[in-house]
Amino acid sequence: MTRHFLNLADAGGDAIAAMLNDAMDRKEARKSWPKGKTDADAPLAGHVLAMIFEKSSTRTRVSFDIAIRQLGGTSIVMDSGSMQLGRGETVADTAKVLSRMCDAIMIRTDDHAKIEELAANATVPVINGLTDLSHPCQIVADLLTLIEHDKALPGLEVAWLGDVNNVLNSIVEAAGLMKFNVRIGCPESYDPDQSFITAAQAAGANVTVYRDAMEAAAGADVIIADTWVSMGQAHADAKMEAMMPFQVNDVIMETAKADAVFLHCLPAHRGEEVMPSVIDGPQSLVWDEAGNRIHAQKSVLRWAFDQI
Ligand code: CP
Ligand code: NVA
């Protein structure tokens, strides 16, 4: 059966744990090599990854491109605006054509239903490079970063502050799969997606919503923030005002554990969701987190090709 990676649950907790180990091993094996050099075993030699972007991207675009090259394969990167997809060719037809020309498809799009339709019509793996609903590849990199910094996942207290969005949904999903807890600090009337929370709670994770940022951050091992205006959303002054008490600043970091770390998927907006003293400070892991996108993507690709 074709392995699609639309959400973390498509792989499951055991596979994600194996992916994280694989990512660490492969990262170590090529330490200090040039980024474009192929891994010694070239496990995806000859494979072509098609990438479709319906939204902007720096990290996802570059990390998948480098990832497939390091695994021995090649890529074709397309913006939907320059494809027939952007002129109305259907997602289903695009899936059928690309399945005959490429070995896997990574897509960044808006409506999650589009990636489900792509997967339903593709005979090659389809990987979610972000939808309005979720961003699973980002969270594989986040988990890798935490483990590398001695934050064992089971029982970890992860605090998310600010807007409730695609990245949060995948963190909550990961909590259920990897057995950590999420403390969500968000304003009234900005309610996180209940279906992800219900699934994580059913799997044994504690997921709690706080309307006070300090309560959410109290005693946390990890503090995470993301933009208050996700791609495709309109800027709204009322929302920015509502989010301001959930800004990650020095007071929030002092409320967390003394050895707490800070994550942000980037791009960041200093002075909005996070202050420069935090994101550019000693507790921030954001650059390792961004760099780990390559290693995470490689393990996602290897899982999709049944190598993990
Ligand atoms: N974090 C992330 O997905 O970054 P890009 O939007 O640059 O791909
Ligand atoms: N929540 C953000 C993540 C960007 C990587 C967005 O969707 O724009």
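For the sequence shown, position 124 matches number 110 in this note's numbering, and the numbering has no gaps at all.
The C-beta atom is built at its ideal place from N, Cα and C for all residues, glycine as well.
Secondary structure at residue 135: coil, using DSSP grouped into helix, strand and coil. Bounds of the alpha helix (DSSP H) holding residue 9 are -1 to 15. Distance from the CA of residue 137 to the CA of residue -10, rounded to the nearest whole angstrom, comes to 28 Å.
Contact between residue 69 and residue 37 fails: their C-beta atoms lie close to 11 Å from each other, not under 8 Å. The closest heavy atom of the ligand CP lies 8 Å or more from the beta carbon of residue 131. In this structure residue 207 is not in contact with residue 161, their Cβ atoms being roughly 13 Å apart against a cut-off of 8 Å. Between residue 143 and residue 76, the alpha-carbon positions lie close to 43 Å from each other. Note: residue 113 is bridge-paired with -9, 92 in the DSSP secondary-structure output. If you check the C-beta of residue 270 against the ligand CP, you find no heavy atom less than 8 Å away. For a cut-off of 8 Å, the C-beta gap from residue 91 to residue 71 is around 11 Å, too long to register as a contact. In this structure, residue 276 sits away from residue 213, with a CB-CB distance that is not shorter than 9 Å.
For residue 147, the beta-bridge partners assigned by DSSP are 171, 211. Closest in alpha carbon position to residue 171, among 177, 199, 278, is 199. By the Cβ criterion, the region 108 to 127 is not in contact with the region 259 to 268, since fewer than three pairs of Cβ atoms, one from each stretch, lie closer than 8 Å. When distances are taken from the beta-carbon of residue 173 to the heavy atoms of the ligand CP, even the shortest one reaches 8 Å or more. Ranking 86, 121, 89, 83 by CA distance to the CA of residue 97 puts 121 first. Judged by DSSP secondary structure, residue 161 falls within the alpha helix (DSSP H) whose first and last residues are 152 to 164.
For the ligand CP, a non-hydrogen atom lies closer than 8 Å to the CB of residue 253.
Non-local beta-carbon contacts of residue 159 in its own chain, meaning distances under 8 Å to residues more than five positions away in sequence, involve -7, -6, -5, 120, 122, 125, 182, 185, 186 in chain order. With a 10 Å radius around the Cβ and a threshold of 16 neighbouring Cβ atoms, residue 0 comes out exposed.
It is roughly 6 Å from the alpha-carbon of residue 60 to the alpha-carbon of residue 35.
Ranking 31, 40, 272, 52 by CA distance to the CA of residue 20 puts 52 first.
The Cβ-Cβ distance between residue 131 and residue 169 does not fall below 9 Å. In terms of Cβ geometry, residue 216 and residue 89 do not form a close pair [threshold 9 Å]. Judged by DSSP in its simplified three-state form, residue 71 adopts helix.
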